[in-house]
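Below: one structure, written as C-alpha cells.
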Amino acid sequence: MSYFTDSVSDLCQGIIDKVDTYEKRIKYLEEENKKLKDEHYKDSEMQRMKTELEKAKDDLHRGFPISKEEEEKIKEWQLKHDAEKHGLKTMEQRAMGHGCIGGSLTWCFTPTSIGTIGEVICSCGEKFTFQDL
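Per our numbering, residue 491 is the first one in the sequence shown, and the count goes up by one each step.
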C-alpha cells in the first residue's frame with residue numbers, strides 16, 4: 491500500500507480502521523485495569539477484615555470491654571499497688587497473696603447514657619479507674 495497510489499477514501503478508511511483498533515485496545519486495557527483494581531481492593535479489604543477480627547479476638551480473650559492500652563495501665567497499677575500496699579513484689583509472692591485464682595480484684599463496669607466507667611477494686615478497698623467519661 492503506497493500513499494501515492496491509494497485513493498483518499500482508502501487512506502481515510504485505513505485511518506478509521508487504526509482508530510477503531512486503538513479504541514478497542516484502550517477499552518480492553520481499561521477493563522483489565524478495573525479487574526486489577528478490584529482484586530487489589532478485595533485483598534486490602536480482606537486484610538482490613540483480618541485485622542479487625544484479630545482485634546475482636548483479643549478483646550474477647552480479655553473477657554471485658556477494655557482496650558490493650560487500658561489493660562497495660564491496669565497491670566501497671568496492679569503491680570505498683572501490690573508492691574506498695576501489700577508488700578507483694580515477686581510473682582510468687584503475688585500468687586500466694588491473692589490465691590490460686592487471683593480473686594483479690596473486683597472488676598466493676600458502670601454503664602451510663604454517655605459511656606461506661608470501668609474500675610478495678612482491690613480487696614483492701616483501693617480503686618483504680620481505667621475507663622472514665
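Cβ coordinates follow ideal geometry from the N, Cα and C atoms, glycine included.
Predicted, not measured: the structure shown is a model, and the values here were computed from it.
Could you tell me which residues DSSP pairs with residue 617 in its beta bridges?
611
Rounded C-alpha distance that separates residue 524 from residue 536:
18 Å
Are the segment 515–529 and the segment 565–579 in contact at 8 Å, needing three or more beta carbon pairs?
no
Using 8 Å as the threshold, is the C-beta distance between residue 619 and residue 609 below it?
yes
Please list, in chain order, all residues of the same chain as residue 612 whose beta carbon is under 7 Å from its beta carbon, the five residues on each side excluded.
571, 594, 595
Under a Cβ-count criterion, where at least 16 other Cβ atoms within 10 Å of its own Cβ denotes burial, should residue 556 be classed as buried or exposed?
buried
What are the start and end residues of the beta strand (DSSP E) that includes residue 595?
595–602
Can you tell me which residues form a DSSP beta bridge with residue 605?
602
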